[in-house]
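A.B. asks: Right, I'll just put the structure down here and ask away after.
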Amino acid sequence: MTGGGWRRRAAVALAAAVLVAAAAALAGPAVGLFSGSRPASLGFAGGRFAPGDWRPNWVSSTAARDDAGHYVAPLAFAGDPSAAWAALEAALAAMPRASVVTRTPAYLHVEFASKGLGFVDDAEFALDGAAGVIHVKSAARLGIRDFSVNRDRVEAIRAALAGRPA
Numbered sequence: 000m001t002g003g004g005w006r007r008r009a010a011v012a013l014a015a016a017v018l019v020a021a022a023a024a025l026a027g028p029a030v031g032l033f034s035g036s037r038p039a040s041l042g043f044a045g046g047r048f049a050p051g052d053w054r055p056n057w058v059s060s061t062a063a064r065d066d067a068g069h070y071v072a073p074l075a076f077a078g079d080p081s082a083a084w085a086a087l088e089a090a091l092a093a094m095p096r097a098s099v100v101t102r103t104p105a106y107l108h109v110e111f112a113s114k115g116l117g118f119v120d121d122a123e124f125a126l127d128g129a130a131g132v133i134h135v136k137s138a139a140r141l142g143i144r145d146f147s148v149n150r151d152r153v154e155a156i157r158a159a160l161a162g163r164p165a
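Okay, so the sequence shown: first residue is 0 according to numbering that gives the first Met the number 0, each after it adds one.
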């Protein structure tokens with residue numbers, strides 16, 4: 000092969016890879032390429048959400064408190080539990096790309112899609128009126144790392160419920 004032949008093939012291969020990546024990025028959200036499958040382990044039972052796995056892409060208020068990578072404090076409230084629940088629903092409704100999947104008087108499952116590629120995260124909320132908290136779990140469906148997106152989302156919801164900017 001001549002001196003420039005391998006360079007030309009490498010350039011063509013790189014251009015093809017870039018085109019495939021660009022097509023996936025543009026078409027991916029439209030066809031659900033990055034949405035993943037809805038987990039089968041959703042729900043709140045026995046005062047807990049289903050445990051997460053080893054990946055650092057989720058947070059939960061029912062994880063062990065000494066698990067600094069996964070534990071997040073529940074959303075505390077004072078007063079009427081139904082008013083706190085309504086405030087949570089209003090805060091979620093104001094968030095971009097949030098879709099309520101399941102709504103009961105004490106449990107919510109919401110899907111959040113990322114703006115660019117349409118990655119989907121599952122957020123769950125469970126009202127514990129007697130304890131004055133709303134438990135929360137937020138987890139990425141795909142990948143290993145979430146770059147703190149789920150923790151930041153929970154903290155933004157906490158700020159919205161407290162009436163302060165996120």
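Cβ coordinates follow ideal geometry from the N, Cα and C atoms, glycine included.
With Trp57 and Ser137 assumed to form a contact (beta carbons below 8 Å), what rounded beta-carbon distance in angstroms separates them?
C.D. replies: Yes, they are in contact, since the Cβ atoms of Trp57 and Ser137 sit about 7 Å apart, within 8 Å.
A.B. asks: Provide the residue(s) that pair with His134 in DSSP beta bridges, ordered along the chain.
C.D. replies: BP columns for His134 point to Ala125.
A.B. asks: By the 10 Å Cβ neighbour count, where 16 or more other Cβ atoms means buried, how is Gly78 classified, buried or exposed?
C.D. replies: Answer is exposed; the Cβ neighbour count stays below 16.
A.B. asks: Is DSSP giving Ala12 helix, strand or coil here?
C.D. replies: The answer is helix: DSSP assigns Ala12 an H, G or I state.
A.B. asks: Quick check: is any heavy atom of the ligand FAD less than 6 Å from the C-beta of Arg8?
C.D. replies: As far as ligands go, the structure on display features none, and thus does not contain the ligand FAD.
A.B. asks: Identify, in the order they occur along the chain, each residue of the same chain with its Cβ nearer than 7 Å to the Cβ of Arg150, setting aside the five sequence neighbours on each side.
C.D. replies: Contacts found: Val58, Val71.
A.B. asks: Rounded to a whole number of angstroms, what is the C-alpha to C-alpha distance between Ile33 and Asp145?
C.D. replies: The sequence given here places Phe at residue 33; Ile does not occur at that position. Roughly 13 Å separates the two Cα atoms.
A.B. asks: Who are the Cβ neighbours of His108 in its own chain at under 6 Å, not counting the five residues just before and after it?
C.D. replies: So the list reads Leu41, Val100, Thr101, Glu123, once near-sequence residues are dropped.
A.B. asks: Rounded C-beta distance between Ala62 and Gly51? I'm assuming under 8 Å.
C.D. replies: Indeed, because the Cβ distance is near 7 Å, the residues count as touching under 8 Å.
A.B. asks: Indicate whether Leu141 and Gly35 have their beta-carbon atoms separated by less than 7 Å.
C.D. replies: Yes, Cβ-Cβ distance for Leu141 and Gly35 is below 7 Å.
A.B. asks: Measure from the alpha carbon of Val153 to the alpha carbon of each residue in Val119, Leu74, Ala10, Arg163, then state which is nearest.
C.D. replies: Minimum Cα distance to Val153 is reached at Leu74.
A.B. asks: With distance defined between alpha-carbon atoms, name the residue in Leu87, Ala92, Gly115, Ser81 nearest to Ala129.
C.D. replies: Nearest of Leu87, Ala92, Gly115, Ser81 to Ala129, Cα basis: Ser81.
A.B. asks: Taking the alpha-carbon of Phe48 as reference, which of Val148, Gly4, Ala89, Ile133 has the nearest alpha-carbon?
C.D. replies: Taking only the C-alpha atoms, the option nearest Phe48 is Ile133.
A.B. asks: Restricting to Cα atoms, I'd like to know which of Arg157, Pro55, Pro38 is closest to Glu110.
C.D. replies: With distances taken between Cα atoms, Glu110 lies closest to Pro38.
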